[in-house]
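At position 95 of the sequence shown the residue is numbered 1301 (this note's numbering), and the sequence of numbers has no breaks. Following: one structure in structure tokens, then a few remarks.
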Amino acid sequence: VKGMKGTASHVDNLVVKRPNGSEILLEMFGTPVEYNEGQSWGSSLVTFFDITLALITILRVYSTEDRPYRKTMSKQDAVSEIKRNFGTQFDPLMAKIFLDKEESIGTLMIKADELMNANKLRNRN
1207 VKGMKGTASH
1217 VDNLVVKRPN
1227 GSEILLEMFG
1237 TPVEYNEGQS
1247 WGSSLVTFFD
1257 ITLALITILR
1267 VYSTEDRPYR
1277 KTMSKQDAVS
1287 EIKRNFGTQF
1297 DPLMAKIFLD
1307 KEESIGTLMI
1317 KADELMNANK
1327 LRNRN
């Protein structure tokens, strides 16, 4: 990024189970200290991380695997859970965007998995 002098943050990981049963590791940056020409970026980062956390909250429901606090649920049940808690547990704007794109997101996760598997095979040879 032009003008960026340095960044420092820790990384939080989130494992998301894909529709085909494989898992993807999402690395989420937290507690950012980012500088643009020596100045903290301030509230623009808060907005970015608020959006990121809102998405993680939805993805944790959508990932559907067993959790200590609930049993495995189907994708349909996960979508129903997001709709039921729209605006209370889940940010309404992020939930609407996610629900509007839910089918595309599932397809994207499958395609990403196929690409990762192809890269693994290529790296073995």
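The beta carbon of each residue, even a glycine, is placed where N, CA and C say it ideally should be.
query	result
Whole-angstrom distance between Lys1326 and Ile1288, CA atom to CA atom	34 Å
Among Ser1280, Arg1266, Lys1281, the one whose alpha carbon lies nearest that of Pro1274	Arg1266
Where the alpha helix (DSSP H) containing Gln1295 begins and where it ends	From DSSP, Gln1295 is part of no alpha helix (DSSP H); its letter is neither H nor E.
Inter-residue Cα distance where the pair is Arg1350 and Ser1280	Limits of the chain in this structure are 1207 at one end and 1331 at the other, which puts residue 1350 out of reach.
Straight-line gap, Asp1297 to Asp1283 (C-alpha atoms, nearest Å)	18 Å
Leu1261 burial status per 10 Å Cβ neighbour count (16 or more: buried)	buried
With 16 other Cβ atoms within 10 Å as the buried cut-off, status of Met1300	buried
8 Å Cβ shell around Lys1302 - same chain, five flanking residues per side excluded	Phe1292
Delimiting residues of the alpha helix (DSSP H) encompassing Glu1287	1281-1290
Beta carbon of Val1285 nearer than 8 Å to that of Glu1320	no
CB of Phe1304 within 8 Å of CB of Ile1257, strictly	no
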